[in-house]
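Residues are numbered in this note's numbering as their position in the sequence shown, beginning at 1, plus a constant of 30. Positions of the beta carbon are idealized from the N, C-alpha and C atoms, including for glycine. Scroll down for the structure; my scribbles are underneath it.
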Amino acid sequence: QVLRALREGTGTLEVPVVALTGWGEQEGREALRLGAQEFLTKPVSPSVLAATVDRLVQAAARERHR
31 QVLRALREGT GTLEVPVVAL TGWGEQEGRE ALRLGAQEFL TKPVSPSVLA ATVDRLVQAA
91 ARERHR
């Protein structure tokens with residue numbers, strides 16, 4: 031529901047989203063279908079989460095400068 035709301039909002043369409051799921055790959059794939067850029071299955075190490083967020087933020091910044 032949160033992801034749908036983000037994707038429907040005019041000011042949040044380009045916000046990078048990492049979905050964290052404890053249920054597995056099927057729910058992660060659903061998050062991708064709904065507009066998430068990435069999904070990680072819990073438990074997630076802080077370093078993996080930080081690297082994923084950093085990569086998505088950098089990619090979003092490059093897109094804005096095009």
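Ala-66 and Val-47 look like a contact to me (Cβ under 8 Å); what is the Cβ gap, rounded to whole Å?
-> For the purposes of this step, residue 66 is taken as the residue at position 36 of the sequence shown. For the purposes of this step, residue 47 is taken as the residue at position 17 of the sequence shown. Between Ala-66 and Val-47 the beta-carbon gap is near 4 Å, inside 8 Å, which marks them as a contact.
Does the Cβ of Ala-91 have 16 or more other Cβ atoms within 10 Å, making it buried, or fewer, making it exposed?
-> Start at 1 with the first residue of the sequence shown, and residue 91 comes out as number 61. Exposed: under 16 other Cβ atoms inside 10 Å.
Counting only the same chain and skipping the five closest in sequence on each side, list residues whose C-beta sits under 8 Å from that of Thr-51.
-> Start at 1 with the first residue of the sequence shown, and residue 51 comes out as number 21. The answer, listed in chain order, is Glu-57, Gly-58, Ala-61, Phe-69, Leu-70, Thr-71 and Lys-72.
C-beta atoms of Leu-64 and Arg-37 nearer than 8 Å = Here residue 64 refers to the residue found at position 34 of the sequence shown. Here residue 37 refers to the residue found at position 7 of the sequence shown. Taking a C-beta distance under 8 Å as the contact criterion, Leu-64 and Arg-37 qualify as a contact pair.
Go ahead and label Ala-49 buried or exposed: buried means 16 or more other beta carbons lie within 10 angstroms of its beta carbon, across all protein chains shown.
-> For this step, residue 49 is matched to residue 19 along the sequence shown. Burial is judged here by how many other beta carbons sit within 10 angstroms of a residue's own beta carbon; Ala-49 has at least 16 and is buried.
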